[in-house]
Each structure stands twice: as C-alpha cells, then as structure tokens.
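*Asks:*
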Amino acid sequence: MNIQFNIEYSTFYGQDLILNLVTNIHKGEVETARYRMHTTDGYHWGVEINKEVKPGTSLEYFYSIEEGERETRREWSVLLHRITFSAENANAYHIYDHWNNIPENAFLYSSAITDSVFNKAQEKVPNQRYNKTITLKVRAPQLGTGDKLMLSGSHILLGAWNTKRALPMVQHNTNEWSIDIDATSLLPGTIDFKLFISNDEKEYTPLWESRDNRTIEIIAMEEGNAIAMELDEAAFAMPPVRVAGTLVPVFSLRSEDSFGVGDFGDLKKMIDWVSLTKQRALQILPINDTTITHTWTDSYPYSCISIFALHPQYVDLTLLPAIKDTKKKKHYEVLRKELNALTQIDYERVNEAKTAYLQDIFEQEGKKVLGSAAFKKFFKEEESWLVPYAQYCLLREKFGTADFSTWGTNQQWNEADRQALSSPKEKAFEEVAFYYYVQFILSSQLKAVHTYAQAHHVILKGDIPIGVNRYGCDVWAEPRYFNLNGQAGAPPDDFSVNGQNWGFPTYNWDEMVKDDCRWWVRRFQNMSKYFDAYRIDHVLGFFRIWEIPVNSVHGLLGQFSPSLGMSREEVEGYGLQWQEEFFTEPFITDWILERIFGEHTNYVRNTYVERTWGDRYKMREEFDTQRKVEAAFEGKNTPTDNWIREGLYALISNVLFVRDHKNWHLFHPRITAQLSLIYESLYDHDKATFNRLYNDYYYRRNNQFWYQEAMKKLPKLINATRMLVCAEDLGMIPDCVAWVMNELKVLSLEIQSMPKDPKVRFGYLAQNPYRSVCTISTHDMATLRQWWDEDWDRAQAYFNSMLQQGGPAPHPLPGWLARDIVSRHLNSPSMLCILGIQDWMSIDEQLRLEDPNAERINIPANPKHYWRYRMHINIEDLMKRNDFTSNVVDLVCSSYR
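Going by the working numbering, the first residue of the sequence shown is number 413, and it counts up by one from there.
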C-alpha cells in the first residue's frame, strides 16, 4: 500500500524531519525504521512509503528532528502516533499529523489515571468497506469511567446536529478516539462538527466541547483513497482530577497472616482499605533486595543491591503450596505467630525464618515450578539481570561477604558465565536456581497486586531510590556506570546539620549518557510492570549529586558533582584575597580547641594535633581524615569519646573552601561555612564578601549548567513509561529544578512545614500548584503528632497563623485538631494528597498509638537507623473500625477527591 505521511513543522536551514516507524519493541527498547522527509518551504514536510499492510492492522510512529546525523529533538514519545488501516478497500492512505509536544495535562495520559483511576479500556477499530474514507482522530484525556466520545456535525452523515444520530467514536489508543466516515457521497467543501461526551449514568451528559465549531475541508478524492487527520485535543471543561491516598511501607503492614513483616498479601489487603475509604492511591517505599550482611543494618530500604530484584522478605507464604512435612509446618506456624506478635520488626529473625521456609518449599516444589511455562517465560524476559543477580547472591554466601573485591577471580561479573548459569542441565544452574525461583514467586505476586489495585481503581505508587549499595550486584555487574572514589549524600538541611552521607557510589553520568541512560531506562520500565506512579527519590541528584570524599564521615566536605568550580582568580575577583593554606586546610588554634573540647582540650592537643607555628595546629597524620578518626574510636561509645570524636570531625571540616575532586586548581565554598569557626575568625568585610560569593555560587552560578545536565537524563527516563512521575524535590533547590519539572510536567512535593518560599515560615496550602503531591510528613520526618510536640513555639505559631485559632495550642495534639489539619491538606489544589498511615490515624484518639514516638519510620541524621516500624493494628481489624472509616470517607468526599 502507498502511505503518505504529512506534517507541518517550522524548521531552519540544516534541520531535517525524520519519520520513525516502530518495527519492534523488545524488552522495552523500541526499534524503528527511519525515513527522511522532504520539504519545499521548510514548513510542509512529507514522505511516501510503500508497505504491505493488512486491514485492521496498525502502525505506531513518531517524528524527530536531525541536524546532520545528530538527533536534536523528538516528539513526546510516551504516546506515539497510531494509524489503524480499517479501510478494507483502500489502496492509498494520506496521513496528516500534528507535532506532539508534551501536553500540559500529560498526567491524564499516565497509566495512573487511564488504567487505575478511570480503568479505561481500548477498543478494536471495526473495518469498513467504504470506497472513500476519511478517518478523524482526536485525543480526549478528560473522559472518565464509562464516558463515550461522540461526533455530531452539520452534514446528514454526521447526524445534522441531532445528538441521537451522532456518530460514536472508538478509543483505539490511550485517550485517543477515532472514527471512519464514508466520504463516497461527500462533495468538496466545508463541514462543521463538534464533539461531545455521552454517559447515561452521569448528570452532565451530553457535554459539548467548550470551543467554537470545528471545521473540516473536504477535497476531491479518488476511489480507494483514505485520508486520516489528527485533530486538536478535545476541549472539555471537566473538574481536575484530585486523588487522596495513603503512604505506608510494605514492611510496616500487619495482618493476621503476616510472618512478622508486611508482605505482598498484606499489600492487597491494604488496597482493600484504601478503596473502602474512597481513596485512590497507595504509596510504598522501595521494595528491592537490600541483603548485604544478613543483619538488621540491611533494613535500610534505600540501599538496594539490585535495581530489579525484589526483597525476599515480601513474599506472601500463604500463596505457596503447604509444606508437607508436618513437623516443619508446625514449627513455622509457631514461629510465625511469635514474630507476628512483636510490636516492631525483628529483621534478622524474620528474614532468617522466611528464607528457610522458601528453601524448604523450593526443595519440595522447585523442580515443578522451574519446569513450568510461566517460569520459562519469566526467565526469558528477565534473564539479562536475573542471571548476574543469582550468581552474585551465590558468591556473597560462599565468601561470607558482599565485598566483591575479596572474591578472588570473581571480583566482577563475567559474561562468559551466563550460558552455564542459564542452562537447566548445568550444575551452575542448579546452584543458583533457588534465587531464580524466589524472584519468580515475588514478581508473580507483585504483578497480581498491581492488577488487583487497577481493578479497584487504586494507583499503586512505587519509589525509585537515587542510589545503590556500593557492594551491590549493580556495581559488581556494571562497574563502568559508577564512581567508587566518592560517596553520595545530601548537603546539610533540617534533617541533619552535618549533611547526610548515604555511602552510595556516585554515578558516572558521562558513561551513562553515552548509551542514552539505558541502565536507568531499564530500571524505570521494570518498575512499570508493578506500578502506575512513582516517586523519584532526591530528584536533585539528576541535576547534581552531593559527592563526599571517601575519607569523610560527615557531608560537610562534599561538593556538588558536576558543578563549575572557582579558580583563585575568580575568588579574588569578588574582593577576597586568596590564602590557599588558610582557606583549604583545617583551621586549628588554641581558642578553637578550647571552644570545641573544653575540659578535654589538653588531652586533644597532646594526642590528636601537632603545633605548626604560633598558636596554629594541624591534625596528626594518623588522624587527618574523618575515616581515620572513626577507626580510632571504633568500639568507644562513652559520652566523652563521642564528644571528642565529633569534635575531631568538626576540626577536620573547619575549612572555608574544598578542592574540586577532579581539578586540583579549582575550589568550592564549603557548604554552610558561615556556621564554622574559620568563618567566625574572618574580618566583617571578608565575611560579607564571602557571603556574596557563596550565594552566587550555590544559587546562580550553576543554574544553566545544571539545567542542561538534567535535560540530558530526565526526558529519556520520564518518556520511558506511562507511569505518573512525582519527584521528591526537597532540600537546597536551585532555580533550574522548577524549570525542568515544569517543562517535563513532573509533580513536585509540597510540605507545609518545609515551604519552598524562604520568606515564609509555613507554606500556604491554597497556593500549592495543581501539579504536585501534598503531604504532611514523609518517611524521613516526624509524624504530625511528633512534629506538634517537638517545638512548642513553632506549633503555637502554626496554631495561630495557619489554623486561625486563638489562645494556647493544646498538647499533645488532640484528634479534632489533627482532623482539621488533615482536612486542610485534602482541600489543597494538589493533584495528589498522600498522607502517612500514622497521620491518618492521628485523627482518631481511640485508634492511634499512645506513644507518637513509636510511629517514627526513619531518622535521617542516623545513618545506622533500624527500619522496623509496624502498624499496631491488623488491617483486618482496621477494616472493621467503622467509625474511623466513616471519618476518613467524610474527609475524602467533602474535599471532592
């Protein structure tokens, strides 16, 4: 068939338009056939191809711009153009398209809205036997559950404006509707028409477009011709989609069937509660495998060892066949009840028990499962990451450590091992088959949960950590993507005055960008199998990451990477005379030692530092880095030891500038240097000069540079799936973050107690952008009840100014006041309002925990925090709390969410 593609796009000399026909999609990667288009005026572009197509088949494609051989721009590729060849008698198709930029309402095209909230279903376009066919296509994302799109117009073929004779359109693509019109009897000229929504079960039907009539110009057509035209997006004045939801880690869930930790079965039950309370979203924390040491330190869910593998602790054992050994079965049931009765997770015992259970059931059922068609399909789809992961786990157990530098000849994944590890008849396969089995079970169960959530109109929202464990499988298998000579973290903020040192390796973005961020694209596409929305943890890391030297414990000596360091000449250009040793080496004097160490000054002076000249000192070589100090104080935890250790850390951080990690001749002003003792020693004039330099550096100098860095990466990742994209954009936020998030239509995170406007103490909920997630607290923060009692002056100010209440603020936080705060958040304009389960329960004094401190999930200032919070009530019992359920339903419905 002869197919002619046409599009109007204004170009300048040297630019070419390319038609990209999708030929195959393999493991998320799109393969295309490329056709260079032609133009005579730089605006009207076309290309003609001959392709054999059968009636009823479809083609998907997108357009891109090239300059020379380099692609400089492409359309929004989350939703591709689709043409269905429904005209059986057609021998030629003329297609007229629009260039698709990312729309303002991109969120309406996400699977969170289409597949979960509205649960829309696509339809097959019926074939037609018209001699001449006009196909009209239009995107109408505003339509909800049960809505149908109708077309009515001035011509008798279009119903002559009679709604009862209007033509029904077919949803042939996500939010895109089409209709075939018999043009055989149409004479050249103009026809007016308009679209409307029909839904007999809703009051607004029929709802006409809020725009002038559309027009279509009928041209002379030959027999066997078909014309397909894309129309402008439908214009319906519909209320914005606003959703309420709950945040709870999977490990925190508790049910009657739990094995001491929440699992995927409990996640299904939590979906039931969310649905019962008229909410439409359930957000969880990362669920990837974090097994490094087999101790409670592995409880940190943001330190994954694999971006693909799920944590074995989340397997729902009740869905597996029963253990046939009666003695073992009884043992596990006794142990399950004991662990499930605990108020907090015993991470080590739970994981030891569930792993043993899985090994026993694998011995019993493994051979049968591994021979099944379902497993073979899973293995074929996931083999690329599953095989290295399984060998990694085997070697970790064999050597008794995850530090792969000690694994002899196995210090890096060897692709040559794949064949034996993938062949069921090989011994190597048998040795790792258990890990294949566990991941198959986990993936199958989580996919079932995802399907269950969609059926209940609930958005399942996942979490993508910014980092990975430096001893994890990802680093072992693909080390080229990582920098192991640095540590990722965060600069000082409200959570930690010394910054956060996560210990993760930083990314080698130069290497990642070379292959179009394939590692990240695969990661996001894998997430889309289980979720319809996701939170990008620390989205600032895609602009720049806080990179801390490996010899540092705290984060104060870090620098943003990448960033534009300053030369000596630039510093002096601000009026600050350059003194390299004074500015870049720890500034230690007698008065500083006395200020920090008090009664221990002489001991520190004689043990840890040595005099250089006058009253100046330097750290002794054996203590001149924070890691050396940490090692020296290993096992010493008395108050005096802690005082001295932290003081020595502070001494080492007492610099005004840090050297660039890559260029020794460039420098960065030390973060929060204004709180340091070296800053205190400066003259007032030099302080003012440094402050001006500091503000320029952190808030202006790198803005355009960081914008460009983010735009190299984020568009590829966001366009990789149809999941709804939400970002955690808290912390030290440069202006360019808002530019990128607005351009890519990413939802921001809005927390009233952490306003992005530095001029206000609390944010104004009514000013939240629609494209945002509103919440009271995150997993890293105190819950609402904790926050209320942490700082009584702050709570009082909030009580009077934001809640417009008179008199003293009540303590502890009463349920009626918690309800008022929750209600105000739900009534904000934000598209999503997702509250932690603890904050939901705070409104009910009979239901919530007596001790609010027991509700805390994480303390970011403590890098060794034990993540073990569990709900204090079974989900089954929560479902029976009709008073609480009614309260939540009333809050959600009264806020029109």
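C-beta atoms are modelled at their ideal positions from N, C-alpha and C, and glycine is treated no differently.
Taking its Cβ as the centre, do 16 or more other Cβ atoms sit within 10 Å of H1237, making it buried, or is it exposed?
*Replies:* Residue environment: H1237 is assigned as buried (16 or more neighbouring CB atoms within 10 Å of its CB, all protein chains considered).
*Asks:* If you check the beta carbons only, do L833 and Q803 fall under 8 Å apart?
*Replies:* yes
*Asks:* Pick helix, strand or coil for Q937, following the three-state DSSP scheme.
*Replies:* helix
*Asks:* For the beta strand (DSSP E) holding M633, just list the boundary residues, first then last.
*Replies:* It is not in any beta strand (DSSP E) - M633 carries neither H nor E in the DSSP assignment.
*Asks:* According to DSSP, is R1071 helix, strand or coil?
*Replies:* strand
*Asks:* Quick test of your reading: N1066 and F999, contact by CB under 8 Å. State the CB separation rounded to the nearest angstrom.
*Replies:* 5 Å
*Asks:* May I ask which residues mark the beginning and end of the beta strand (DSSP E) holding T484?
*Replies:* R482 to R486
*Asks:* Cα separation between M939 and N1049?
*Replies:* 42 Å
*Asks:* Among F936, T557 and Q540, which has the Cα closest to the Cα of H868?
*Replies:* T557
*Asks:* Give the C-beta separation of N1270 and D1192 to the nearest angstrom, bearing in mind that I take them to be a contact with Cβ-Cβ under 8 Å.
*Replies:* 5 Å
*Asks:* Would you check if the distance between the CB atom of W511 and the CB atom of I430 is smaller than 8 Å?
*Replies:* no
*Asks:* Could you tell me whether the Cβ atoms of C1186 and L1244 are closer together than 8 Å?
*Replies:* yes
*Asks:* Tell me the residue span of the alpha helix (DSSP H) that contains Q971.
*Replies:* Taken as a continuous stretch (DSSP letters only), Q971 belongs to no alpha helix (DSSP H), being part of the beta strand (DSSP E) at Q971 to S973.
*Asks:* To the nearest whole angstrom, what separates the beta carbons of Y508 and E642, a pair I think is in contact under 8 Å?
*Replies:* Taking 8 Å as the upper bound for CB-CB distance, Y508 and E642 are in contact here, some 7 Å apart.
*Asks:* Taking all protein chains shown into account, do 16 or more other C-beta atoms lie within 10 angstroms of the C-beta of N592, making it buried, or fewer, making it exposed?
*Replies:* Looking at the sequence shown, residue 592 is not Asn but Asp. Classification for D592: buried.
*Asks:* Measuring alpha carbon to alpha carbon, tell me which of N1299, V1301 and M1291 ends up nearest E668.
*Replies:* M1291
*Asks:* Name the two residues that bound the continuous alpha helix (DSSP H) containing Y744.
*Replies:* T738 to N752
*Asks:* How many angstroms separate the CA atom of D678 from the CA atom of I948?
*Replies:* 24 Å
*Asks:* Drop a sphere of 10 angstroms on the beta-carbon of V686, count the other beta-carbons inside from all chains shown, and report buried for 16 or more, exposed for fewer.
*Replies:* buried
*Asks:* How big is the Cα-Cα spacing for N517 and E645?
*Replies:* Answer to the nearest angstrom: the Cα atoms are 11 Å apart.
*Asks:* On the three-state DSSP scale, how would you describe H1097?
*Replies:* helix
*Asks:* By the 10 Å Cβ neighbour count, where 16 or more other Cβ atoms means buried, how is E1022 classified, buried or exposed?
*Replies:* exposed
*Asks:* Which ranges does the alpha helix (DSSP H) cover as unbroken runs of at least 4 residues, wholly within the stretch 1015-1093, from first to last along the chain?
*Replies:* 1038-1044, 1051-1064 and 1089-1092
*Asks:* According to the neighbour-count rule (16 or more other Cβ atoms, all chains shown, within 10 Å of its Cβ), is Q695 buried or exposed?
*Replies:* buried
*Asks:* Going by beta carbon distance, what residues of the same chain come within less than 7 Å of L988, once the five residues before and after it are set aside?
*Replies:* Result list for L988: D1098, T1101, F1102 and L1105, in chain order.
*Asks:* Extract the residue ranges of the alpha helix (DSSP H) inside the stretch 664-709, only unbroken runs of 4 or more that lie entirely within it.
*Replies:* 676-688
*Asks:* Measuring CA to CA, which of I1246, I1004, T547 and R980 is closest to F995?
*Replies:* R980
*Asks:* Here's a check: name, in chain order, each residue in its chain whose Cβ is nearer than 7 Å to the Cβ of N897, leaving out the five neighbours to either side.
*Replies:* Cβ within range, chain order: V962.
*Asks:* Give the range of the alpha helix (DSSP H) segment to which N1212 is assigned.
*Replies:* Note, N1212: alpha helix (DSSP H), W1204 to S1213.
*Asks:* Specify the secondary structure class of I1271 as computed by DSSP and reduced to three states.
*Replies:* coil
*Asks:* List the whole-angstrom C-beta distance separating A502 from N637, where the pair is believed to meet the contact cut-off of C-beta under 8 Å.
*Replies:* 7 Å
*Asks:* Touching or not, the stretch 1124-1132 and the stretch 919-939, by the rule of three or more beta carbon pairs under 8 Å?
*Replies:* yes
*Asks:* What is the DSSP secondary structure of I1285, counted as helix, strand or coil?
*Replies:* coil
*Asks:* According to DSSP, is D1141 helix, strand or coil?
*Replies:* coil
*Asks:* Can you tell me the Cα-Cα spacing of L1247 and V951, whole angstroms?
*Replies:* 20 Å
*Asks:* What is the residue span of the beta strand (DSSP E) that K606 lies within?
*Replies:* G601 to S610
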